[in-house]
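If you're matching them up, the sequences are chains H and Y in order. Under the numbering used here, the first residue of the first sequence carries the number 1, and numbering increases by one thereafter. Under the numbering used here, the first residue of the second sequence carries the number 1001, and numbering increases by one thereafter.
There are 2 protein chains.
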Amino acid sequence: MSNGRLLGLGVGPGDPDLITLKAFKLLQKADVVAYPTGRTSGGNAHDAIAPHINGRQELVPLRYPATAGPVADSREYPALLRAFYDETAETLAARLEQGKDVAIICLGDPFFYGSYMYWHDRLSERFETIVVPGVSSVMAAPAALGLPLVHKNDAVTVLPGTLPEPVLEEKLRNTDVAVIMKLGRTLPKVVRVLEKLDLLDRSHYVERATMPGQRILRPDEVDPKKTDYFSIIIVPCNLKG
Amino acid sequence: MSNGRLLGLGVGPGDPDLITLKAFKLLQKADVVAYPTGRTSGGNAHDAIAPHINGRQELVPLRYPATAGPVADSREYPALLRAFYDETAETLAARLEQGKDVAIICLGDPFFYGSYMYWHDRLSERFETIVVPGVSSVMAAPAALGLPLVHKNDAVTVLPGTLPEPVLEEKLRNTDVAVIMKLGRTLPKVVRVLEKLDLLDRSHYVERATMPGQRILRPDEVDPKKTDYFSIIIVPCNLKG
């Protein structure tokens, strides 16, 4: 019996209708559907595909050891995370060796900050692999705002809010258009830099774009204690400029 | 009678299966389907949706005055282009005023270097508008390569090959991951900068990702005279790093 295929499926930013036809078709035919989650079951990746699964598939939640709190902050966390990827990759490899097609669900795009890449790294040389690109929140947030992001000869930089303040400042100074991901505790720092560079009036905070509970605010109106992992700041181009 | 809706539909990088369910559903129900093209009919945007249109819709090709050659290089071209957007926007406005839903097709994403934004700018304040984000070639090219683009705390810069050589060099020096669009005549300059920064071995040229005729090459193997408008260079992250 031949091995099954690994399917790295970008399913878009959260709205189940923002999956591509290609990912939808592969998802419906997969024997096993694995999805990352911080909880016992469910979660955002699961919710994005819940209307599309056929009820006869094996669902495999890939439970992160922790997504926030003291464990996620600890020095042991990188090793814990590697062990998590190693173990879950073997769980999936066992299904692939039984000839089953295994889909791994990835919110957004699999290769754009997507955790799918860590399973890809462990499995794609052993098994035939198909990666389906997805709509990233970098595209979904401007659509939710109704604001063009980048035009003509603009350069756009996507950067994590986790960067040190001077680095963030330098990168924002040297780009036409910016998208800032990985907010949360980093938000006051990001707002400080945007204010310093006089970019605050051009900036938009979008939380859970296309998902239930979507919110759009000015970055300095956001309570840093009440941010969501799925939040992003957009500093778009000036179409008239 | 009430006005129709303007639908800005990102249809993905070219493979008709990389349209989202949301864009697919709105496309099938639209009364008018307008698509940018450089030719009398057809073209890449048309080919991306050809399997999805229902045969009862009015198709409106939006014919650019020129896409290459002496006219596109002339000093008059920006004014010609503005007149083109003004005129075609009025063509579409007439349909919208008749209560028809008008879809404008955009390869990739409408607000990520997409020309849809110029019609959006002219029509979205007058008519109810829905913008559907799409899969960009920034996501499609790494999927075609099977290479993760950006991970962890990387910053990624997307820049046009049209930038002056010193600017291109400075921006490539100051980013972890890069995506270079708008290649063609600019390719020898881009290759020179990649070589200078010792990035050539990490770089991949992807032409017409997910479209018929897709090609993957080293950037320095490409004949600059035989490039396609739909080409992109990817300088991805090092997953092991």
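Glycine is no exception: its CB is placed at the ideal position from the N, C-alpha and C atoms.
Beta-bridge partners assigned by DSSP to leucine 1007(Y): Ala1103(Y) and Ile1130(Y).
For a cut-off of 8 Å, the C-beta gap from aspartate 1017(Y) to threonine 20(H) is around 7 Å, short enough to register as a contact. According to the DSSP secondary-structure assignment, histidine 204(H) is paired through a beta bridge with Ile234(H). Using a Cβ-Cβ cut-off of 9 Å, glycine 184(H) is close to nothing in chain Y; its nearest Cβ partner there is about 14 Å away.
Under the three-state reduction of DSSP, threonine 157(H) is assigned to strand. Straight across, the Cα-Cα distance linking methionine 117(H) with lysine 171(H) is about 26 Å. With a cut-off of 8 Å on Cβ pairs, the stretch 35-49 of chain H is in contact with the stretch 58-66 of chain H, counting three or more such pairs. Note on valine 1071(Y): under 16 other CB atoms within 10 angstroms of its CB, so exposed under the neighbour-count rule. According to the DSSP assignment, threonine 1037(Y) belongs to the beta strand (DSSP E) that extends over 1032-1037. Within chain H, no residue has its CB atom less than 9 Å from the CB of lysine 1029(Y), the nearest being about 13 Å off. Cβ proximity to chain H below 8 Å picks out Asn1153, Asp1154, Ala1155, Val1156, Thr1157, Val1158, Leu1159, Pro1160, Thr1162 and Leu1163 from the stretch 1153-1167 of chain Y. Here lysine 22(H) is buried: its Cβ has 16 or more other Cβ atoms, across all protein chains shown, within 10 Å. Where glutamate 87(H) is concerned, the enclosing alpha helix (DSSP H) starts and stops at 77-97.
Counting along the chain, the unbroken alpha helix (DSSP H) around leucine 145(H) starts and ends at 137-145. Chain-order list of chain H residues neighbouring phenylalanine 1084(Y): empty, with the shortest C-beta distance near 15 Å, by a criterion of under 7 Å. The alpha-carbon separation between proline 1013(Y) and leucine 1194(Y) amounts to approximately 25 Å. Within its own chain, the residues whose Cβ lies closer than 8 Å to the Cβ of asparagine 1054(Y), once the five positions on either side in sequence are excluded, are Gln1028, listed in chain order. At a Cβ-Cβ threshold of 8 Å, methionine 181(H) and glycine 161(H) count as neighbours. CA-to-CA, the gap between alanine 48(H) and serine 2(H) works out to about 31 Å.
Using a Cβ-Cβ distance cut-off of 8 Å, the stretch 1232-1240 of chain Y and the stretch 1141-1154 of chain Y are in contact, since at least three pairs of beta carbons, one from each stretch, lie closer than that value.
Residues of chain Y with a Cβ closer than 9 Å to the Cβ of aspartate 223(H) do not exist, since the nearest Cβ in that chain sits about 24 Å away. The C-beta of serine 74(H) has fewer than 16 other C-beta atoms within 10 Å across all chains shown, which makes the residue exposed. Where valine 1060(Y) is concerned, there is no enclosing alpha helix (DSSP H), although the beta strand (DSSP E) around it starts and stops at 1058-1063. With the criterion set as a beta carbon lying under 8 Å from some beta carbon of chain Y, the stretch 37-66 of chain H has no members that meet it. The beta carbons of valine 1191(Y) and proline 1219(Y) sit closer together than 8 Å. Minimum Cα-Cα distance from tyrosine 229(H) among the listed residues Ala45(H), Leu9(H) and Gly8(H) corresponds to Ala45(H).
Shown here for lysine 1189(Y): same chain residues with a beta carbon closer than 8 Å to its own, the five before and five after excluded, namely Gly1161, Glu1165 and Leu1168 in chain order. The shortest CA-to-CA distance from alanine 1093(Y) to any of Asp1198(Y), Phe1127(Y), Gly1043(Y) and Ile1105(Y) is the one to Phe1127(Y). Residue Asp31(H) holds the alpha-carbon nearest to the alpha-carbon of glutamine 98(H) among His204(H), Asp31(H) and Leu197(H).
With respect to histidine 1120(Y), proline 65(H) sits apart: the two C-beta atoms are not nearer than 8 Å. Per DSSP, the beta bridge partners of methionine 1181(Y) are Pro1160(Y). For histidine 151(H), the nearest CB of chain Y lies under 8 Å from its own CB, placing it at the interface with that chain. Annotation: the continuous alpha helix (DSSP H) that includes arginine 173(H) extends over 165-173. Within the same chain, and ignoring the five residues on either side of methionine 1211(Y) in sequence, the residues whose Cβ sits closer than 6 Å to its Cβ are Gly1014.
Judged by DSSP secondary structure, arginine 215(H) falls within the beta strand (DSSP E) whose first and last residues are 215-217.
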